[in-house]
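Start counting the sequence shown at 0; every next residue gets the next number (numbering that gives the first Met the number 0). Built from N, CA and C at the ideal position, the CB exists for glycine as well. These numbers were taken from a predicted model, which means no experiment stands behind them. Written out below as structure tokens is the structure these notes cover.
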Amino acid sequence: MLAASLALASCNTSPKVAPAIPQDKDIESKVEEILKDMTLEEKVGQMTQITATAIANGLDITPAGDSIIRTYKIGSVLNTPGDIAQDPAGYDRFITELNRISMEEMGIPTLYGLDHIHGTTYVLGGTLFPQEINIAASFNRDHAYNMGKVTAYESRAANVPWTFSPTMDLGRNPEWPRMWESFGEDAYVNSQMAVAEVHGMQGDDPNHVGPYNIAACAKHFMGYGVPVTGQDRTPASIAASELREKHFEPFKEAMQAGALTIMVNSASNNGMPFHCNTELLTQWVKEDLNWDGMIVTDWADINNLYTRERVASSKKEAVKLAINAGIDMAMVPYECQFAIDLKELVEEGEVPMSRVDDAVRRILRLKFRLGLFDQPDTVLEDYPEFGGEAHAKLAYEAALESEVLLKNNGILPFRKDLRILVTGPNAHSMRTLNGGWSYTWQGHGASIPAFTDKYNTIYEALDAKFDNVTYVPGVEYDLMSPNWKFDENTGIKDAVAAARKADVIVACIGENTYCETPGNDEDLNLSANQKELVKSLAATGRPIVLILNEGRPRIIRELEPLATAVVDIMLPGNYGADALATLLAGEANFSAKLPFTYPKYTNKFAVYDYKPSENQGTMSGVYNYNAVMDVQWPFGHGLSYTTFTYSNMAVSHKEFGAEDVLKVTVDVTNSGDMAGKESVLLFSSDIYASSTPDVRRLRAFDKIELAPGETKTVELEVTAKDLAFVNYYGKWTLEEGEFALSIGDQNQMVRCVETIVWDEPNID
Ligand code: BGC
């Protein structure tokens, strides 16, 4: 419908919503009891978070570190001592000592946090899952839940009660070097997976997070995944409508699901750094959502308001801007000038004491919710499942459902007796299977034999599964170096010679690992060496299966036609190669789908929910040009060894109002001859709207398993408000008019019979 009638529509401002996390009276009174006796130094100390390397030498707290904790009354410590994974006993010793000092000095336990991004990144012997981008590809919420649960259990086994995960920035720009840390490009997938992971991590009661659970940290609030230049921590230019409708959604859902902390995006949007955005931090999060959790900065990001963003002309002014905007805890992370500045600012009346009290309340509340006052430390002996078979099985199953079959001209599954050449720089590396945040920040720790020897690389897993496997790398990375961009032709000729003796070539290509700003790259094309390797192999005439092992989609436009099959395994973790071997052998079926749009050209990135005019056909007349959407593979693409047929789609309402819930059913039949799982995706399209609509949006999904010949009826629900959009003026809008709903090749038209507009979060 059009603007004139929209203006007549009602404009509802919702009353204050119920608390995102209902408070526990007992905890609240204990918080007040402590707060009333705290000095200003103690308060600003609680708000200060320091990195382990600033206070310790390896696992030993230095005398200087001890003095820093006592002088500044530090409330929280992060990161792995020595910047490399440690064993649980080491953490236990280290954190117990921190707690001893904190209790002795302040009577308040410390809050220790680690980046457990895909399982226990920084605890030796712990379980590493596939990265979030893979979990998203499974379209199975259970895997996100399991990853959260195992991560929590194994973190506590190492005496760690808090992790900086999940990441729910929308990975909508493949240049962004953290795309793989997210659940892909879609707001709904990010929301669903993040909520499941938060439940897995925190358990069911955010007020009483038990000894097998930890606090989650939804990050990075928000819009971090769409920097204009594609480079990490550079500015975004997100429209108000898009910010609320897409980027805020996963955070809103996670906070409403009880996420106890959030971390802020290091960058800026439309000239306003997120770390001093009062509207977003205080109004949207603390007031509109009525959320009483804790907001932590990212790395040095208060200082960065001065040094990088230049919205403050001194460190002290930066502190004032950030704390007044709503930041509760500063990841300083090396020096404590923050605490000195904040104390002065309060004394000078530049930051109200009420703001500091609000922050400290949130921090103390979190420590109570985590049970740290009662039991500051946990011990490994109470966690017999740490790094055990049961957890390994869950990580393996997640990997199995996360590897995407993009193309198959019938060569897969492989017969056991095929002569297979395994080649390429990703063929024999635990590092590249895991990605960044694996034993070390940049992921090169996964190449240390003592850490990962017991797991299989792709070559090892295929060799164990098939009768006749040869490995010749052809091109190699320096797997111990953080210099991830480098690869070298170490024998393309040898690989070609070996290919001539093989029945099939498995070429494992993609990227070496990186993380954050060091992962910036100017060119998403595959390296020249890798292209040469694949082209030379193709010249032998032997069939090639491309295995893509990469955190973001590398352009393979020239190579794809040379391949008989293509599998994107992304970053499937320590069990990813075993899962791949099982899938290639046909002992399990592929069931993953792309959670992002795979681009074909470096100058033509796209997302599935684009605007209609991004795909323009040729006009008649002299202006006979076009602008076509041309991607390598669309969002949601993923093949199976079987086929699924959709039929009988039906919708409960042909016409609906704002309070209705649409029940959509469809029959799905396994029409092939192998059992398989299928993710059933429901999309909507708003045909005409007062703000240009997206061509389609994912509104619901479910994953089912079907035996050959079996049919199941899948029911998916969509509330009318799920079909709303945020208009140009920042208001949620559900408009009268036609919507198309589609599942597979099935479509149904439905009609909304009323228009409503509201301006707070879209809370059902
Ligand atoms: C990253 C965060 C991470 C933090 C603590 C930052 O550089 O952006 O994602 O949680 O460091 O390690």
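For this session: Please report the Cβ distance between threonine 162 and serine 181, rounded to the nearest whole angstrom; I am assuming they are in contact, meaning their Cβ atoms lie under 8 Å.
Result: 16 Å between Cβ atoms; not a contact.
For this session: Can you check the region 575 to 653 for any alpha helix (DSSP H) of at least 4 residues that lies completely inside it and give the ranges in chain order?
Result: 575 to 583
For this session: Could you spell out the range, first to last residue, of the beta strand (DSSP E) harbouring threonine 38?
Result: Segment: none, threonine 38 is in no beta strand (DSSP E) and carries neither H nor E.
Problem set entry | Closest by C-alpha distance to glutamate 709, when choosing among Met673, Gly434, Thr732 and Ile20 | Met673
Exercise. Can alanine 19 and methionine 254 be called in contact, C-beta distance under 7 Å?
Worked result: yes
For this session: Can you grab the Cα-Cα spacing for the pair glutamine 767 / asparagine 289, in whole Å?
Result: Any question about residue 767 goes unanswered here, given that the chain covers just 0 to 763.
Exercise. Hey, phenylalanine 465 and lysine 415: beta-carbon distance below 7 Å or not?
Worked result: yes
Exercise. Can you tell me whether tyrosine 111 is buried or exposed, with buried defined as 16 or more other CB within 10 angstroms of its CB?
Worked result: buried
Exercise. Under 7 Å, do asparagine 455 and glycine 442 count as touching if we go by C-beta distance?
Worked result: no
For this session: Grab me the residues of tyrosine 476's own chain with a C-beta within less than 6 Å of its C-beta, minus the 5 sequence neighbours each way, in chain order.
Result: Pro424, Asp486 and Asn511
Exercise. Between glutamate 753 and glutamate 735, is the Cβ-Cβ spacing less than 7 Å?
Worked result: yes
Exercise. Just to confirm, does phenylalanine 220 get its C-beta within under 6 Å of one of the non-hydrogen atoms of the ligand BGC?
Worked result: no
Exercise. Between the C-alpha atoms of lysine 534 and asparagine 524, what's the straight-line distance to the nearest angstrom?
Worked result: 14 Å
Exercise. Nearest chain D C-beta to proline 472 closer than 7 Å, yes or no?
Worked result: The question asks about chain D, but that chain is absent: this structure has only one protein chain.
Problem set entry | Nearest-residue set for the ligand BGC, Cβ under 5 Å from any heavy atom | Asp114, Phe163, Asp297 and Trp298
For this session: Would you mind sorting methionine 105 into buried or exposed? The rule is 16 or more other CB atoms within 10 Å of its CB.
Result: buried
Problem set entry | Inter-residue spacing [alpha-carbon to alpha-carbon] between methionine 429 and lysine 676 | 28 Å
For this session: Starting from the N-terminal side, write out each stretch of the beta strand (DSSP E) that is 3 residues or longer and does not extend beyond the region 265 to 331.
Result: 293 to 295
For this session: Note down the Cα distance separating arginine 360 from glutamate 31, rounded to an integer number of angstroms.
Result: 8 Å
Exercise. Who are the Cβ neighbours of aspartate 185 in its own chain at under 6 Å, not counting the five residues just before and after it?
Worked result: Leu697
Problem set entry | Straight-line gap, asparagine 761 to leucine 715 (C-alpha atoms, nearest Å) | 20 Å
Exercise. Comparing alpha-carbon positions, which option in Ala394, Arg354, Gly202 and Val263 lies nearest histidine 142?
Worked result: Ala394
Problem set entry | Among Arg553, Leu558 and Asn573, nearest to threonine 596 - alpha-carbon criterion | Arg553
For this session: Could you give the DSSP three-state label for leucine 363: helix, strand or coil?
Result: helix
For this session: Indicate whether methionine 648 and glutamine 745 have their beta-carbon atoms separated by less than 7 Å.
Result: yes
For this session: Please determine, among Lys245, Ala463 and Ala626, the residue with the shortest C-alpha to C-alpha distance to alanine 580.
Result: Ala463
Exercise. First and last residue of the beta strand (DSSP E) that includes leucine 393?
Worked result: Looking at the DSSP string, leucine 393 is not in any beta strand (DSSP E); the run it does join, the alpha helix (DSSP H), is 388 to 399.
Exercise. What are the partner residues of leucine 561, as DSSP defines its beta bridges?
Worked result: For leucine 561, which the question treats as bridged, DSSP gives no partner whatsoever.
Exercise. Who are methionine 262's beta bridge partners in DSSP?
Worked result: Val295
For this session: Could you work out which residue in Ala397, Ile568, Ala157 and Gly222 is closest to glutamate 248 when comparing CA atoms only?
Result: Gly222
Exercise. With which residues is leucine 681 paired in a DSSP beta bridge?
Worked result: Ala699 and Ile742
Exercise. Under 7 Å between the Cβ atoms of tryptophan 436 and threonine 120?
Worked result: yes
Exercise. Mind checking whether glycine 386 and threonine 79 have CB atoms under 7 Å apart?
Worked result: no
For this session: With a threshold of 16 other CB atoms inside 10 Å of the CB of glycine 473, please say whether the residue is buried or exposed.
Result: buried
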